[in-house]
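One structure is given here, and the rest of the page talks about it.
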Amino acid sequence: MTKKIGDKAILQDVTLQVPTGGFVAVLGPNGAGKTTLLKILSLLLPPSAGQVKIAGRPAEAADPSLRRQIGVISHSTLLYSHLSAAENLYFYGRLYDVGNLPLRIESVLEEVGLRYYFHDPVRTFSRGMQQRLAIARAILHEPALLFFDEPYTGLDQHAIEILNGVLRRLRDERRTIFLITHNFEQGLDLADRVVILRRGRVVFNEETASLRGADFKKLYLQKVEG
Ligand SMILES: Nc1ncnc2c1ncn2[C@@H]1O[C@H](COP(=O)(O)OP(=O)(O)OP(=O)(O)O)[C@@H](O)[C@H]1O
Ligand SMILES: [Mg+2]
Numbered sequence: 002m003t004k005k006i007g008d009k010a011i012l013q014d015v016t017l018q019v020p021t022g023g024f025v026a027v028l029g030p031n032g033a034g035k036t037t038l039l040k041i042l043s044l045l046l047p048p049s050a051g052q053v054k055i056a057g058r059p060a061e062a063a064d065p066s067l068r069r070q071i072g073v074i075s076h077s078t079l080l081y082s083h084l085s086a087a088e089n090l091y092f093y094g095r096l097y098d099v100g101n102l103p104l105r106i107e108s109v110l111e112e113v114g115l116r117y118y119f120h121d122p123v124r125t126f127s128r129g130m131q132q133r134l135a136i137a138r139a140i141l142h143e144p145a146l147l148f149f150d151e152p153y154t155g156l157d158q159h160a161i162e163i164l165n166g167v168l169r170r171l172r173d174e175r176r177t178i179f180l181i182t183h184n185f186e187q188g189l190d191l192a193d194r195v196v197i198l199r200r201g202r203v204v205f206n207e208e209t210a211s212l213r214g215a216d217f218k219k220l221y222l223q224k225v226e227g
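Going by this note's numbering, the residue at position 189 of the sequence shown is 190; the numbering climbs one at a time, nothing skipped.
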């Protein structure tokens, strides 16, 4: 798969295959193409050449049944600031046809520690609270495929623990997960595969099991500087 914007190549010859239930940590320096890759995989952006297949079938961005299987946390929180926490989740829940929505909303707000902010408008939320709500929104419809673009941004220590718990639960439920992070330890700890991007190319793609004990930081620096 390739992505060009204008005549600039953002991603070049990227080929990735991830089994159902796989957990991929995507690493790489600023500007390497990580966010672009996740946008393409989550069907928010079309590739210039090549295609994305989900469950063996070419993925059509317009297919609503496919959209329902995808959850995203991106650089922007995708929240409506004039709506309350609950209203935001109602909006997305209806969009995705979530069954038993009131209960489900209570449960995810509880999970991310925002139960007491149910009726508060999002514009009154701190950065970290908005990020917590973005996590709740991404998991609300229990998607099979999850894309997290630097989800730790702005989270306090307690919220980091909450997010790690959510990620472990999703992994144990055999959902397929892509996680962009600049935190190697967290990435290596959770993922079963590490992909490193450098200037739009995959320069490393290995199972984390094979990296046990290795000095990963050194390896990473070799890959992105070499
Ligand atoms: N809409 C756009 N128009 C032009 N160039 C773009 C656009 N979006 C991204 N790029 C370029 O594509 C490259 C990859 O950007 P991308 O956001 O995917 O990087 P990233 O790996 O997510 O970086 P970061 O770690 O800073 O989030 C960058 O050089 C960026 O300038
Ligand atoms: Mg990015």
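Glycine residues also receive a C-beta, built at the ideal position from the N, C-alpha and C atoms.
Worksheet item: To which residues of the same chain is Asp1 closer than 8 Å at the C-beta, ignoring the five residues directly before and after it?
Response: Since the displayed the chain opens at 2 and closes at 227, residue 1 lies outside it and no answer follows.
Worksheet item: From which residue to which residue does the beta strand (DSSP E) around Asp150 run?
Response: First-last of the beta strand (DSSP E) with Asp150: 146 to 150.
Worksheet item: So does Asp150 have its beta carbon nearer than 7 Å to some heavy atom of ligand 2?
Response: In terms of side-chain proximity, the C-beta atom of Asp150 is found nearer than 7 Å to a non-hydrogen atom of ligand 2.
Discussion item. With a threshold of 7 Å (Cβ to nearest heavy atom), would Ile197 be considered close to ligand 2?
Written reply: Result no, Cβ not under 7 Å from ligand 2.
Practice prompt. Compute every distance between the C-beta of Lys35 and the non-hydrogen atoms of ligand 1, then say whether any falls below 7 Å.
Written response: Yes, Cβ of Lys35 sits closer than 7 Å to a heavy atom of ligand 1.
Worksheet item: Which first and last residues belong to the beta strand (DSSP E) in which Gly72 is found?
Response: For Gly72, the enclosing beta strand (DSSP E) begins and ends at 71 to 74.
Worksheet item: Considering only residues of the segment 102 to 180, which uninterrupted alpha helix (DSSP H) runs meet the minimum length of 4 residues and lie entirely inside it, listed in chain order?
Response: With a minimum length of 4 residues, the continuous alpha helix (DSSP H) runs that stay inside the segment 102 to 180 are 102 to 112, 128 to 140, 158 to 173.
Item to complete: For Val99, name the three-state secondary structure that DSSP assigns.
Response: In the structure shown, Val99 sits in coil (DSSP, three-state: anything other than H, G, I, E or B).
Practice prompt. Measuring alpha carbon to alpha carbon, tell me which of Gln132, Ile140, His83 ends up nearest Val109.
Written response: Relative to the Cα of Val109, the nearest Cα in the group Gln132, Ile140, His83 belongs to Ile140.
Discussion item. Between Leu198, Leu171, Arg199, Tyr117, which has its C-alpha nearest Ala86's C-alpha?
Written reply: When only C-alpha atoms are compared, the closest one is Tyr117.
Practice prompt. Determine the extent of the alpha helix (DSSP H) in which Leu198 is found, giving its start and end residues.
Written response: Unbroken run through Leu198 is the beta strand (DSSP E), 194 to 199; no alpha helix (DSSP H).
Worksheet item: Should His183 be counted as a contact of ligand 2 given a C-beta to heavy atom distance under 7 Å?
Response: Checking the Cβ of His183 against ligand 2 gives no.
Worksheet item: DSSP state of Ser66, grouped into three classes?
Response: Helix, per DSSP.
Worksheet item: Would you say the beta carbon of Gly32 comes nearer than 7 Å to a heavy atom of ligand 1?
Response: Within the cutoff, so yes.
Worksheet item: Could you give the C-beta distance for Gln158 and Thr78, rounded to a whole number, given that I count them as a contact under 8 Å?
Response: About 20 Å separates the two Cβ atoms, so there is no contact after all.
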